[in-house]
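Student: Just so we're on the same page, this note's numbering is the position in the sequence shown counted from 1, plus 1. Can you keep this structure in mind? I'll have questions shortly.
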Amino acid sequence: MLHLMAQTSDLTYPWHILIPLLIAAVSLYVLLPRPQHRPVFLGSIVGIAALIAALALLSRSETAPWPEQVLFYIFSALAILGAAIMLTQRKPARAAISFALVISNVCGLFLLLGAPFLMAATLIVYAGAIIVTFLFVLMLAQPQGFSDADDRSREPFLATVAGFVLLGLLLWVIERGNPDVQPLRDLVQQTEQAAAQPDSNGMLRELGDKREFVQRWQTLEQQWRGRPEAAAMDVAIVNVEEELNPNQPDAELLRARLRELAEVGRRIESAAQPKPLPAANVAGIGTLLYSRYLLAVEVGGTLLLIATVGAIAITGQGSRRRVS
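Laid out in C-alpha cells, this is it:
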C-alpha cells in the first residue's frame, strides 16, 4: 500500500507549467485564421504574455552559464514566435518561410546541446530541401487566387486543445525525466558535513530534525526511483534511520551509514549531469552513413529526386491543358 502511494505521488503533475500553456493556447486560438476579423493585436499581446511567463519559469533554475542561458532564451523565443506565425498565416509561402525560421532556431538549440551533426542535418534536410521543395511546388502549381481553406481553420478549438494537451504531456515527461539536481546536492552536502563531525552530538546538531532529514531523503528517493544509480538509496536511508532512532547513537556506525548515503547521492548527482558528446561523434555518424547505411542514404536521395521530377512533369502537363 505504501509503495502504491509512493508511486502515485511520484506521478504528480507539475501544475506550474500549465500557466504559460493556457495563456499560449488562448493566444493561438485567437490568432487562428477565420473568415471574420481577427483580433490580431489582442492575440499578440496574450502570446507575448505567455512567452514572458514561460521565460520566468525557466529562469527559476539557473544551472547553465549565463551566455548559454541568453542564447537558449533567444533561440527558444524565436522558435516559438516563428511557430505561432506559421500556424496563423493565410498565405502558404509565408507559412513555409516561418517554418524555416523555426528550424533555424531549433538548430541553434541543437548546437547548444553539443549536437553539431544533428544541427547540420536538420538545417540541410528541412530548411535546405523540404521547405525549398515546398516553395517550388507552390510556385509551379500557379494557384488561381486564394482557396477557401486559407480563410478559416477547421475545428480551431479542438485543434488548439489537442495540440496543447500533447504539449503539456511532453513537458510533463521532460520534467519527470530531468529532475532538479540542486535539492539532492544540498542534502548530500549536509550529510557529508554531518559525517565529518567528531562525535554523535555534532552529527545530530548538523542534521537538525532527524525526522525531517529522513523525510527529505525519502522524498528524493521517490523522485529518483527507477534509475540504476538510485537502487541502493532506499536501503541506505533505512540504515541511517535505524541508527538515528536511539537517543545517543553510536558515532562510528552512524558516520559510516551517513557516508554510504552520501556516496549514493553523489553517484546519482554525477549520473544526472549532462555528458558532453565525444569529439569522434560526428566522424562516427558520417562513417556509418557512408559505409553501412550508404544504400539507404542513396535510395532516399533518389526517391526525392524522382518525386521532384514527377511534380515538375505533372505541373507541366496541367499548364499545357490550361493553355489549350
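For glycine and all other residues, C-beta sits at the position ideal for the given N, C-alpha and C. Keep in mind it's a predicted model, so treat the numbers as computed, not measured.
Tell me the DSSP secondary structure of Q90 in three-state form.
Tutor: Looking at Q90 - three-state DSSP - the assignment turns out to be coil, as it is neither helix nor strand.
Student: For A297, is the classification buried or exposed, using 16 other Cβ atoms within 10 angstroms of its Cβ as the cut-off for buried?
Tutor: Counting Cβ neighbours within 10 Å, A297 comes out exposed, since fewer than 16 surround it.
Student: Just to check my reading of the structure: L139 and A94 have Cβ atoms closer than 8 Å, yes? What is that Cβ distance to the nearest angstrom?
Tutor: Indeed they touch by this definition, with Cβ atoms about 6 Å apart.
Student: Taking S105 as the reference, which of G115, I125 and R91 has the closest Cα?
Tutor: Minimum Cα distance to S105 is reached at I125.
Student: Is it buried or exposed, R258, if we count other Cβ atoms within 10 angstroms and call 16 or more buried?
Tutor: Counting Cβ neighbours within 10 Å, R258 comes out buried, since at least 16 surround it.
Student: With 16 as the cutoff for other CB atoms within 10 Å, does R256 come out buried or exposed?
Tutor: Buried, since its Cβ has 16 or more Cβ neighbours within 10 Å.
Student: Quick check: what's the CA-CA separation for G302 versus G109?
Tutor: Distance between the alpha carbons of G302 and G109 is about 25 Å.
Student: For P247, count the other beta carbons within 10 Å of its own beta carbon; 16 or more makes it buried, fewer makes it exposed. Which is it?
Tutor: Under this definition P247 is an exposed residue.
Student: Within the stretch 257-300, note down every full alpha helix (DSSP H) run reaching 4 residues or more, in order along the chain.
Tutor: Whole alpha helix (DSSP H) segments, 4+ residues: 282-290.
Student: Work out the CA separation of A26 and A57 for me, nearest whole Å.
Tutor: Rounded to the nearest angstrom, the two C-alpha atoms are 18 Å apart.
Student: Can you give the beta carbon distance from Q198 to E207, rounded, assuming they're within the 8 Å contact cut?
Tutor: About 6 Å separates the two Cβ atoms, so the contact holds.
Student: Quick one: is T192 buried, meaning 16 or more other Cβ sit within 10 Å of its Cβ, or exposed?
Tutor: When all chains shown are included, T192 counts as buried.
Student: If contact is defined by three or more beta carbon pairs under 8 Å, each pair taking one atom from either stretch, is the stretch 234-254 in contact with the stretch 201-215?
Tutor: Result yes; three or more Cβ-Cβ pairs closer than 8 Å.
Student: Tell me whether W218 sits in a helix, a strand or coil according to DSSP, three-state version.
Tutor: Helix, per DSSP.
Student: Assuming A80 contacts V47 (C-beta within less than 8 Å), just tell me the rounded distance between them.
Tutor: The pair is not a contact, with the Cβ atoms about 18 Å apart (cut-off 8 Å).
Student: When you compare the CB positions of R260 and A196, do they come within less than 8 Å of one another, or not?
Tutor: Their beta carbons are under 8 Å apart, which means R260 touches A196 by this criterion.
Student: Report all residues from its chain with a CB closer than 6 Å to the CB of F165; omit the five preceding and five following residues, and keep chain order.
Tutor: For F165, where only same-chain residues beyond five positions count, the Cβ hits under 6 Å are L22 and A26.
Student: Counting only the same chain and skipping the five closest in sequence on each side, list residues whose C-beta sits under 6 Å from that of L29.
Tutor: Taken in chain order, the residues that qualify are T161.
Student: Rounding to the nearest angstrom, what Cα-Cα distance links I24 and L88 in this structure?
Tutor: In a straight line, the C-alpha of I24 is about 16 Å away from that of L88.
Student: List the whole-angstrom C-beta distance separating L221 from L188, where the pair is believed to meet the contact cut-off of C-beta under 8 Å.
Tutor: With a Cβ gap of about 7 Å, L221 and L188 count as contacting.
Student: Quick one: does the C-beta of E244 sit closer than 7 Å to a heavy atom of the ligand SAM?
Tutor: Annotation note on the ligand SAM: not contained in the displayed structure, which lists no ligands.
Student: Quick check on DSSP: helix, strand or coil for P344?
Tutor: It is not possible to answer for residue 344, since the shown part of the chain is limited to 2 through 325.
Student: Does the beta-carbon of L3 have 16 or more other beta-carbons within 10 angstroms, so that it is buried, or is it exposed?
Tutor: A caution first: L3 carries a pLDDT of 37, below 50, which makes its placement in the model unreliable, though a value can still be read off. It is exposed - the Cβ of L3 has fewer than 16 other Cβ atoms within 10 Å.
Student: Short of 7 Å in beta carbon distance, which residues of its chain neighbour A233, apart from the five on each side in sequence? Order them along the chain.
Tutor: Hits under 7 Å: V265.
Student: Determine the burial state of F158: buried for a count of at least 16 other Cβ atoms within 10 Å of its Cβ, exposed for fewer.
Tutor: Result: exposed.
Student: If you reduce the DSSP assignment to three classes, tell me which class G209 lands in.
Tutor: Here G209 sits in coil by DSSP.
Student: Quick check: the Cα distance between N202 and D210, rounded to an integer number of angstroms?
Tutor: One C-alpha to the other measures close to 13 Å.
Student: Answer with buried or exposed for A55, where buried requires no fewer than 16 other C-beta atoms within 10 angstroms of its C-beta.
Tutor: Buried.
Student: Just the C-alpha distance for A7 and I238, rounded to the nearest angstrom, thanks.
Tutor: Because the pLDDT of A7 is 40, which lies under 50, any placement of that residue in the model is unreliable, and the number read from its coordinates should be weighed accordingly. Cα to Cα, A7 sits roughly 15 Å from I238.
Student: If you reduce the DSSP assignment to three classes, tell me which class G115 lands in.
Tutor: It is coil, neither helix nor strand.
Student: By how many angstroms is the C-alpha of A263 removed from the C-alpha of Q190?
Tutor: Roughly 8 Å between the two C-alpha positions.
Student: Alpha carbon to alpha carbon, what distance is there between W173 and D11?
Tutor: With a pLDDT of 46 at D11, under the threshold of 50, the modelled position of that residue is not reliable, and the figure given next carries that caveat. Going by the C-alpha atoms only, they are around 12 Å apart.
Student: Would you call G285 buried or exposed, if buried means 16 or more other Cβ atoms sit within 10 Å of its Cβ?
Tutor: The residue in question, G285, is exposed, as its Cβ has fewer than 16 Cβ neighbours within 10 Å.
Student: Nearest CA to the CA of T134: which residue from G115, L295 and A308?
Tutor: Looking at the Cα atoms, A308 is the closest of the given residues.
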